[in-house]
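Going letter by letter, the sequence shown gives residues 619 to 716 in this note's numbering.
Think of the CB as a built atom: it goes at the ideal place given N, C-alpha and C, for glycine as much as any other residue.
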Amino acid sequence: MSFYRWDGQDLILECHLQPKASSDAFAGLHGERLKIRLTAPPVDGKANAQLLAFLARAFAVAKSQVSLESGLQSRLKRVRIQQPQRLPEELALTARSP
């Protein structure tokens, strides 16, 4: 299984979130999920909001085109990105690594 799949023109990402990191960044793979580090703490939905904003910037879409499908109160999340306009270079490199 891969950390991403296509659902029509939408991209579904399986993520492992690391809140309270020193910077916002893709951090390779964590098992079969894409690890994403965020500076926001995991309280009051702050990390979820920052995750959606981070992914919107990374995939060049509006924040309204990024939605959390599962994992509201978990580090393990499934995110839908509607019609991504670009794929981040870090993501392409992670997808190719053995």
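Within 10 angstroms of the Cβ of residue 659, are there 16 or more other Cβ atoms? Answer buried if so, exposed if not.
So residue 659 counts as exposed.
Between the Cα of residue 578 and those of 652, 656, 646 and 692, spot the shortest distance and give me the residue it belongs to.
Only positions 619 to 716 of the chain appear in this structure, which leaves residue 578 out of reach.
Among 646, 669, 708 and 664, which one has its Cα closest to the Cα of residue 697?
It is 669 whose Cα lies nearest to the Cα of residue 697.
At which residues does the alpha helix (DSSP H) containing residue 674 begin and terminate?
Counting along the chain, the alpha helix (DSSP H) containing residue 674 begins and ends at 664-677.
Span of the beta strand (DSSP E) holding residue 695?
Run containing residue 695: 694-699, per the beta strand (DSSP E) assignment.
Within this structure, are the beta carbons of residue 654 and residue 629 separated by less than 9 Å?
Going by C-beta atoms, residue 654 is not nearer than 9 Å to residue 629.
Count the other CB atoms, across all protein chains shown, that sit within 10 Å of the CB of residue 684; report buried if there are 16 or more and exposed otherwise.
When all chains shown are included, residue 684 counts as buried.
List the endpoints of the continuous beta strand (DSSP E) containing residue 644.
Per DSSP, residue 644 belongs to the beta strand (DSSP E) from 643-648.
Could you tell me the alpha carbon to alpha carbon distance between residue 622 and residue 632, rounded to whole angstroms?
Whole-angstrom Cα-Cα distance: 6 Å.
Hey, quick one: how far does the beta strand (DSSP E) through residue 651 stretch, first residue to last?
From DSSP, the beta strand (DSSP E) with residue 651 extends over 651-655.
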